[in-house]
Every structure is written in structure tokens, then in C-alpha cells.
Amino acid sequence: MRFRLLSVRPPNVSVVTEHAPAIIPTPAPGPAADEGLARRLRALACTAPLHDLDVRKANLAGEYGRYAMAEVALAAIDLITLNMDFDTGADHDQVVARLMPRIAAQGPQRSAAEHERVARWVLENLINVGSVDRGFRAVYGTFTPDGAYVRRDYDFKLVEEVHGPGGVVCLRTTDEAVNVLVGALDTDVTSAQIAAEVKLEVLISRGRLADAQLAAEQARYRTVQYAETLRRTLEATRRNVRAVDWLRTVPDMITEALDHVADRYRHENAILTNIRRARDEAEEADHKRRAAELVDIVKDCIRRHTQLQSRLLEAGPLFRAEQDRQAFAPATAHAGLDLYGQLVAPLLPLAVEQAGRVTDAFFAHGAGLRTPGAVRLGDLIDLLLTPPAPREHLGAEMPEPDLIATPDDSRFSTGQLDAARELLDLPADAPRRLSGLLADARRRDAELPYLVALLAVHAASPPVGTAYRQGERRLLFGVDDGTELDDPEFGGADLIVGTAMLDAAGMAADRTEAA
Amino acid sequence: MTDYALDADTAGAARLVSFGLHPKLLPARDAEYGELLRRYREEPAFARLADAVATGLGLVVLEVSARAGMAVAAAEDSVFAVRMGDYARRATADSADRFLHGLAHLAVAAMAFPRPADLADDGYIGRISVNGVDAFVRQACRRLEERAQEQGENTDPASDSPGLEASWRVYARRSATGATKDARRLAGSTTGIIAKAVAFLADSGFLQRTGDDSGGTYRTTARYQLQVRDTAGSAAMAELLELGIVPVSDGSASLLPPDGTDGLELAADAGLPFHESGGA
Numbered sequence: 139m140r141f142r143l144l145s146v147r148p149p150n151v152s153v154v155t156e157h158a159p160a161i162i163p164t165p166a167p168g169p170a171a172d173e174g175l176a177r178r179l180r181a182l183a184c185t186a187p188l189h190d191l192d193v194r195k196a197n198l199a200g201e202y203g204r205y206a207m208a209e210v211a212l213a214a215i216d217l218i219t220l221n222m223d224f225d226t227g228a229d230h231d232q233v234v235a236r237l238m239p240r241i242a243a244q245g246p247q248r249s250a251a252e253h254e255r256v257a258r259w260v261l262e263n264l265i266n267v268g269s270v271d272r273g274f275r276a277v278y279g280t281f282t283p284d285g286a287y288v289r290r291d292y293d294f295k296l297v298e299e300v301h302g303p304g305g306v307v308c309l310r311t312t313d314e315a316v317n318v319l320v321g322a323l324d325t326d327v328t329s330a331q332i333a334a335e336v337k338l339e340v341l342i343s344r345g346r347l348a349d350a351q352l353a354a355e356q357a358r359y360r361t362v363q364y365a366e367t368l369r370r371t372l373e374a375t376r377r378n379v380r381a382v383d384w385l386r387t388v389p390d391m392i393t394e395a396l397d398h399v400a401d402r403y404r405h406e407n408a409i410l411t412n413i414r415r416a417r418d419e420a421e422e423a424d425h426k427r428r429a430a431e432l433v434d435i436v437k438d439c440i441r442r443h444t445q446l447q448s449r450l451l452e453a454g455p456l457f458r459a460e461q462d463r464q465a466f467a468p469a470t471a472h473a474g475l476d477l478y479g480q481l482v483a484p485l486l487p488l489a490v491e492q493a494g495r496v497t498d499a500f501f502a503h504g505a506g507l508r509t510p511g512a513v514r515l516g517d518l519i520d521l522l523l524t525p526p527a528p529r530e531h532l533g534a535e536m537p538e539p540d541l542i543a544t545p546d547d548s549r550f551s552t553g554q555l556d557a558a559r560e561l562l563d564l565p566a567d568a569p570r571r572l573s574g575l576l577a578d579a580r581r582r583d584a585e586l587p588y589l590v591a592l593l594a595v596h597a598a599s600p601p602v603g604t605a606y607r608q609g610e611r612r613l614l615f616g617v618d619d620g621t622e623l624d625d626p627e628f629g630g631a632d633l634i635v636g637t638a639m640l641d642a643a644g645m646a647a648d649r650t651e652a653a
Numbered sequence: 651m652t653d654y655a656l657d658a659d660t661a662g663a664a665r666l667v668s669f670g671l672h673p674k675l676l677p678a679r680d681a682e683y684g685e686l687l688r689r690y691r692e693e694p695a696f697a698r699l700a701d702a703v704a705t706g707l708g709l710v711v712l713e714v715s716a717r718a719g720m721a722v723a724a725a726e727d728s729v730f731a732v733r734m735g736d737y738a739r740r741a742t743a744d745s746a747d748r749f750l751h752g753l754a755h756l757a758v759a760a761m762a763f764p765r766p767a768d769l770a771d772d773g774y775i776g777r778i779s780v781n782g783v784d785a786f787v788r789q790a791c792r793r794l795e796e797r798a799q800e801q802g803e804n805t806d807p808a809s810d811s812p813g814l815e816a817s818w819r820v821y822a823r824r825s826a827t828g829a830t831k832d833a834r835r836l837a838g839s840t841t842g843i844i845a846k847a848v849a850f851l852a853d854s855g856f857l858q859r860t861g862d863d864s865g866g867t868y869r870t871t872a873r874y875q876l877q878v879r880d881t882a883g884s885a886a887m888a889e890l891l892e893l894g895i896v897p898v899s900d901g902s903a904s905l906l907p908p909d910g911t912d913g914l915e916l917a918a919d920a921g922l923p924f925h926e927s928g929g930a
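Protein sequence lines, in the order shown, are assigned to chains A and B.
The numbers in the first sequence follow my numbering, run straight up by one, and end at 653.
The numbers in the second sequence follow my numbering, run straight up by one, and end at 930.
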């Protein structure tokens, strides 16, 4: 008898060889090395959204392969950065409009609507409209001092939406975006500006205008960034005088900034003179054009400096006014709770889990009360069963108007008007003199000449446009050819009165085309 | 006092409490309200009765005066209390949203009463704007960010424990505003959250809208001052103390330039020298 093997029993003992764990060298990162790595990882992450655009364009419905999305995105960041002023950001539609030529150049045979769609798509993705934070998140890892590996979230924005004047939403580029764009990560604003300046002067003296333009543009980005830092400071001053050290730090900063403006102003005027000369002396058309562009850029820099300076000069009076308002208010005898110092300030550094408990407590006791609706079931049933009140379609009854017959004070009767019209019903090819018409009218009725004269004078300035619009076929007109009217009752010009035929159909066709 | 008179008094006391439940109603505008307030102040028995009615309904009487009327606040488990879940749907699911809504209320109060003296002074009227509150909190967050950077801290939170993210960071990374298709305020942005808070407070009779500039401007009412001073502030403080954080205050404002030796901590090289007393 043979036994059929029903199932394979598992071996009682299995020998599994295990690879000896590779000797992982302790990362021994040292905070400094790891920090540098983390910083570079963050910088790298800032470029990811741009690469991502080109990857994701394939997913869009339609053929968007021809567009270089990263290029459009960088151009957009450029535009926004350059249009950022003190108070406002760049206008959304303006950025889209300025992006259009570049996009159109990438896909010349496509429709303008598609170009605009591409511009808006890129802009929305730079803002990251879909996410609740409207920002990006990158995950990277670092070693803690005790050797554990921790994954961390890095949140950043490239283009953010801020309040503009009059409640509109404007765009600003973030520091991250400016750093990605300028390619100068982790640099000091002031020193980078000086470097850019020196570079520009050298480049101009050697006549290398292409590089000079690049340097000038970089200098302008730096200027904008500098202005942005100052704007924030001044804003904080306006909000809370006590938050700012007006004894030393701010006056120092203002002095420094004013020196900076004066310095830049001198430099840029010198540069402007040089470039103007370069522009006028340049032989090559391309050089001439570049120099002209450079002149515009430097002019814009100067404009920005002037703006910065006026803000700096306003800062002092603003502080004094705020101080008058806040510091000299009479002090009360007893002290209260310091909401900022004792609640908000200690709360913000806490982990959100803990801080949430405090804010919950504040909310529960500080939001006020709401009276809940209490419904009686009987009322509810009545309410639900009541048929809707029929609507009064006809409205209230109109009172009978009390009419008063007005006396007929017309100078001419209907019969007279008909007679006058008949007289003036002239064939188109046979105009007549007013004197003749008046004589004819006088033969019929003593009053009729007045009516005829009136109609003829009216016809001297015929409402041609109205007649066309109303689709009339003929129009009475009167023309003064200089002949004097010889008549016992009337004076003035002996008008030539005639009828003009109007091409109403043709005119209507023209109008349709124009529209 | 006969039974009949007692009934009438009870009705009057309850009526007074019901006036208090209409937070926008001003005593000066309603003769009956004014008369009941006068009785409350002049007749101790009537006052006790009104207090009892309020307590029974789950209300705390903050103040009874001509300026604030019958100012009552909801006790914690009262039917009149506002719950965060009813206030903002998203807040129940998302702890970051819940925190931001709470912080918005706290920041509005801090902005409305920037100095301790302002909160203590009955005659003080605070003025705030939606964008102003946002800018104020953002400034504080930026200061913390700068300080973290100076100390070389890595503030990016660990991916698997979002609850440990620093609070200022949650606020800082939420966008301030945003364009929407129908030109309304983006509800999830910080100004959207603050606007919701101030609109709610205005409905509670705590703020009065004064204009549309800067996202909407408001001024405080006597009731708001009472509510913040007497209940909300102390409740939040108690919670903070429970977390082991003891902010010390000598009653002066905490945002002051240093006079040299008073132990205020000044962070070097910061664009804006914020000075904070005590705290963690």
C-alpha cells in the first residue's frame, strides 16, 4: 500500500542564514555637517515645484508638451519680484498678461486662450492653489545628536497672496523664491548688493553689456529684498511702538538705510551716465538695445530708492504720533492681565497639541453665548401644515385716475399739418426754393406758411443718424446756398428744400458688420 | 412679600436675564430693561432673585450696570455655551484648524487690549482690524522663527508627529489670504479665520463693526472687556499653568524697550527687538 502524500509537512527545523549586518559607520554627522545638508536639501526642495510643472504638464488635457513650464514659472517669479512695491504686490492679471508673449513664442500656432490657460496654470501651481496652506511641503531626514534618524517636514511658499489696497489680492514672491531665483542661497542682503554693484561697474568698464544687464537685474532684486525688510519693520512700528527699540536699533537701521540710499543713488547715477555713453557710442544694434534696457533697469532702481527714502523720512513722525497716542495715556491704578505677554507670547513656542488646550479654554469662555432655538412640537406641526400663502399676482387695486381734459391750445390743426406735409412731399430729384413753397402755402391758408417755414428750418439740420436708426427711407433737408429770402412775412435765407433718399438696408448691414 | 408679588418679582428677574441673553440690546434703548436694571441695583432681594435665575439657567453674571446691561456669560456645560465643533466644522477633525480658530479669538483680544492697563480700564475702547490682527500674530511668529534660526534649531516637525509642531509654525505656514473664484475671503486662510472670529464676536455683541478698511475694522464693547477680563483670560491662564508654564507679570506691558538691567531678554541682531518677560 502506498501512502499518498497529502501535504508537505514543514521542516521542524529550518536553517536560515542571515547576512551579517553591514557595519554602518555611525553617521557621526556633527550638528554642523547635518545642518548644512539640511539647508541644501531645503534649497533643493524650493526648485522642486518648478521641475514638477514640467513633469505634470503631460497630465493636462491637451497638448502642452511644447511649453517649457519651468521657464514660464521662473519668468513669472521674475515679474512678480520686479513688480513688488512697498505696499502692494504684483497684480494677478498683469502678471498673466506679461507672461503671454513668452508663452506665445513657445507655441505660436496655438490660440491665445490656450496661452492664457498655461499662464494661469503655472501661476496657480506656484501659489499651489489646491492645498489649504497654499504652500509646498518637502520631507527630508536628519540625524538627531543621539544618532536617531528623523524625517522632517519643510514647508515653504514660492508665491504668496497678500492684501493689496482696496481689498484686492496681490502676489508677492517669498524669500525662498527670491533666493531660488537669484541663486544666492544663504547670503547677506547688504554684502550681496555691494558685490553685485562692483561687478556691474567692472563689467561696464570692460564693455561687457550682456553680463552687465544680468548684474544690474540682480542688484535690483537685492534692492527689492532690502526694501521688503524695511517695509516689515516700519509696519511693525506702526502697529506697536513698544515692540520696537526706538532708542538704538531702529534709528541705527534708518541711518544705515539712508546712507545706503544715498550711496546707491550716487552709484547708480554714475552707472547711468556710463551706460548712456555706452548706449550712444555703441555701434552694434544689439549692444545699443542692451544698453537701452540697462538704462531702464537702473532708472527703475533709482525710482525704488527714492521711494524707500521717502518712507524712511516718514518713519520718525510716525513713531512720535504713535507714542503720543499710546505712551501718554493716563495709567490706571490697578493692573490687569497682560494678554500678549502672559498668554500669546508663551503660547506660540509650545507644541500645537498643548497650545490647542489653552486656545480651546479661551474660546470656550470668550466666544460669548448663543441662545438655542426652542421649538414647541405643536407650533412646528402647525407651521409645517400651514399651506403657503397664495401670492398676490395682481397686486393692489389701482385707483381710478382722475383725468382733467386739457384745453387744446395747438397753434396749427391736424389738417394744416397734413397740408404742409403734402406741400413738402417733394420728389427726390426736384428740390424747391423755400420762397416758392411759402407762396404756394399762402395761396391755400394764411397760417400755413408759418408751419411750412417751421418745418423747413427744422430740416436745415436733419437728424440723419436717427432716421437711419429708425430705418426711414427718405428725409427732408434744407440747404442754405446764400440766397436771401424775399418774402413779406419772413426773412433770412431762401433755403433749398428737398428730399434725400436713404439707403436704410445698406446702413443696417454696415452696422451689423461693425458690431 | 405675598406669593403674588413674589411671582411678579420672579417674572421680572427672569425677564432681566432674558434681556441679558440679547447681547446687542442696549439698556439705554429699552425702557423696561433700564427699569429692571435699576431695580437690580436698588433692591438686594430682586438682585438675589435675578442671580438665582441666571445660575439656574447655567449663566454667570459678570456685571450689571448701565453701560454693559445684564452681562452674562455661559457656564461651561450650559446650553448657551458655544462649542468649537458647531463653530467651525473643520475644527473637529483637524487639530491645526482647531488651534488656529482658538488662536484667532485670543489674538483679537490681545490686539484689542494690548496693555494690561487697557483691560483693567473700564473706559477703554479697543480698536482692531482683521488684517491688523493677522499682521500682529505673523510678526510674533516671525520673531520666533528668527530666534529659532539664530539658535540653529531645526523647527521642521517630524513627519509622524504633527502634534509636536511648534504653534507659531502652524500659523506662519498658513497663507494670509487667497483669491477665490467668487471673490470671497478664503475661509481657510488666516484672515478668513480671523474674519470669522470677529464676525462671531460682533454677533455676540462683543464688537461693533466700524468700517471696511483693512479687512473690516471693529471696536470693542464693555461686555467684551468683561468677558475677556473675568472669564476667558483667567480660564486660558489656568490651562497654561496646568501645562507648567508660569508667565510672570508685574502688571506692566510686556512689549517694552529695555532699560538695561531688568532682566528682559533681548535677542541680538534681530530686525525687531521683541522683549518678553518671563515665560518659557
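We put the beta carbon where it would ideally sit given N, CA and C, even for glycine.
When beta bridges are read from the DSSP output, A:Cys-308 appears opposite A:Val-300. With a threshold of 8 Å between beta carbons, B:Asp-806 makes contact with chain A.
One finds Ser-825, Thr-827, Gly-828 and Ala-829 in chain B with Cβ atoms closer than 7 Å to the Cβ of A:Glu-299, taken in chain order. Only Leu-488, Ala-489, Val-490, Glu-491, Gln-492, Ala-493, Gly-494, Arg-495, Val-496, Thr-497, Asp-498, Ala-499, Phe-500, Phe-501, Ala-502, His-503, Gly-504, Ala-505, Gly-506, Leu-507, Arg-508 and Thr-509 from the segment 488-509 of chain A bring a Cβ to less than 8 Å from some Cβ of chain B. Cβ atoms of B:Ile-844 and B:Val-732 stay farther apart than 8 Å, at about 17 Å. Cβ atoms of B:Tyr-868 and B:Ile-778 come within 8 Å of each other, at about 6 Å. For the 8 Å CB-CB criterion, A:Leu-507 and B:Ala-886 do not form a contact. Below 8 Å, too few C-beta pairs join the segment 426-436 of chain A and the segment 385-398 of chain A to call them touching: fewer than three.
CA-to-CA, the gap between B:Phe-786 and A:Leu-217 works out to about 29 Å. Under DSSP, B:Ser-779 takes part in a beta bridge, and its partners are B:Thr-867. Going by beta carbons, A:Gln-232 and A:Ala-206 fall outside the 8 Å limit. Taken through DSSP and simplified to helix, strand or coil, A:Tyr-202 comes out as coil. Contacts between A:Tyr-205 and chain B, judged by CB atoms closer than 9 Å, are missing: the closest CB pair is about 23 Å apart. Exposure of A:Met-536 is indicated by the presence of fewer than 16 other C-beta atoms within 10 angstroms of its C-beta.
For A:Ile-435, the number of other beta carbons within 10 angstroms of its own is at least 16, and it is reported as buried. Here the segment 806-818 of chain B does not lie against the segment 703-722 of chain B, with fewer than 3 beta-carbon pairs under 8 Å apart.
A:Ala-493 sits close to B:Phe-749, with the two beta carbons spaced by under 8 Å.
Within the same chain, Cβ atoms closer than 6 Å to the Cβ of A:Arg-275 are found at Asp-291 and Asp-293, the five residues on either side in sequence being excluded.
Each of A:Asp-418, A:Met-391 and A:Arg-386 was checked against the Cα of A:Ala-365, and the nearest Cα belongs to A:Met-391. Distance from the CA atom of A:Val-234 to the CA atom of A:Pro-187, rounded to whole angstroms, is 19 Å. Counted as a single uninterrupted DSSP element, the stretch harbouring A:Gly-533 is not any alpha helix (DSSP H), since DSSP gives it neither H nor E. Boundaries cannot be given for A:Gly-268, as no alpha helix (DSSP H) includes it and DSSP labels it neither H nor E. A:Arg-415 and B:Glu-796 have their C-alpha atoms roughly 45 Å apart. Interface with chain B (8 Å Cβ-Cβ cutoff): A:Gln-232 is excluded. In the displayed model, A:Asp-434 falls within a helix according to three-state DSSP. Setting aside the 5 residues that flank it on each side, A:Val-496 is surrounded in the same chain by Leu-485, each with a C-beta closer than 6 Å to its C-beta; the list follows chain order. The beta carbon of A:Thr-280 falls within 8 Å of a beta carbon belonging to chain B, placing the residue at that interface. For the pair of segments examined, the segment 438-456 of chain A was found not to touch the segment 755-770 of chain B: the number of CB pairs separated by less than 8 Å stays below three.
A residue is called buried once 16 or more other Cβ atoms fall within 10 Å of its Cβ, and B:Ala-882 is buried on that count.
In this structure, the CA atom of A:Asn-407 is about 18 Å from the CA atom of A:Glu-419. Nearest neighbour of A:Leu-220 by Cα position, chosen from A:Glu-201, A:Tyr-202, A:His-189 and A:Arg-441, turns out to be A:Arg-441.
Three or more pairs of CB atoms, one per stretch, sit closer than 8 Å, so the segment 618-633 of chain A contacts the segment 557-575 of chain A. The C-beta of A:His-189 has fewer than 16 other C-beta atoms within 10 Å across all chains shown, which makes the residue exposed.
By the C-beta density criterion, A:Arg-611 is exposed, having fewer than 16 other C-beta atoms within 10 angstroms. Taking CB atoms only, A:Asp-476 has a neighbour in chain B less than 8 Å away. Think of a sphere of 8 Å around the beta carbon of A:Arg-290: the chain B residues whose beta carbon falls inside it are Asn-804, Asp-806, Pro-807, Ala-808 and Ser-809, in chain order.
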